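Trainee: Per numbering that gives the first Met the number 0: the sequence shown = residues 0 to 147.
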Amino acid sequence: MYTEKVIDHFTNPRNVGEIEDANAVGQVGNPACGDIMKMYLKIEDNIVVDAKFKTFGCCAAIATSSVATVLIKGMTVEQALQLKNKQVVEELGGLPPQKLHCSVLAEEAIRKAIADYYIRGGMAEAEANELCGVVETACDSCSANVNA
């Protein structure tokens with residue numbers, strides 16, 4: 000059911016925890032459906048220098064959070080915004096179809112954290128959300144319009 004990479008990132012997640020001086024934080028998910036993902040970023044000179052997460056969810060949710068933080072470290076903010084759930088799934092060697100929404104959560108958490116970064120920098124919330132592609136949704140399989 001799960002690839003070796005998924006199991007590895009679940010049993011040995013990378014970058015778990017909070018960044019005390021994070022300047023970008025985004026939380027997505029819904030307690031009603033069970034998966035909640037909170038992403039903490041430290042951005043300096045337009046580069047994601049650190050990324051950590053706290054996820055309450057299944058194996059796939061934790062694995063996608065882990066791999067997403069690995070992928071975006073060292074990226075520019077613009078590059079991090081371009082990360083798609085499909086890339087997260089590919090990096091993990093695939094996910095079962097019913098778990099693809101977890102990769103969407105990872106993408107959305109990054110977008111929401113970067114929007115928070117822009118808001119902290121003085122940008123209007125609506126403008127930051129539009130720039131970052133943040134969409135507030137109710138839970139239909141956790142906001143997943145799955146593009147994987």
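The C-beta atom is built at its ideal place from N, Cα and C for all residues, glycine as well. No experiment lies behind these values; they were computed from the predicted model shown.
Could you give the distance in angstroms between the alpha-carbon of D7 and the alpha-carbon of Q86?
Mentor: Cα to Cα, D7 sits roughly 17 Å from Q86.
Trainee: Quick check on this structure: which residue in V15, A127 and V27 has the alpha carbon closest to the alpha carbon of D49?
Mentor: D49 has its Cα closest to that of V15, out of V15, A127 and V27.
Trainee: Within 8 Å, do at least three Cβ pairs link the stretch 26 to 35 to the stretch 53 to 61?
Mentor: The stretch 53 to 61 vs the stretch 26 to 35: in contact.
Trainee: So, is D115 buried or exposed, given that buried needs 16 or more other C-beta atoms within 10 angstroms?
Mentor: It counts as buried.
Trainee: Going by DSSP in three states, Y117 sits in which element: helix, strand or coil?
Mentor: Residue state, collapsed to three classes: helix.
Trainee: Quick one: what's L40 bridged to in DSSP?
Mentor: BP columns for L40 point to A23 and A50.
Trainee: By Cβ distance, which residues of its chain are closer than 7 Å to A21, with the 5 residues on each side in sequence left out?
Mentor: Excluding positions up to five away in sequence, the list reads Y39, L40 and K41.
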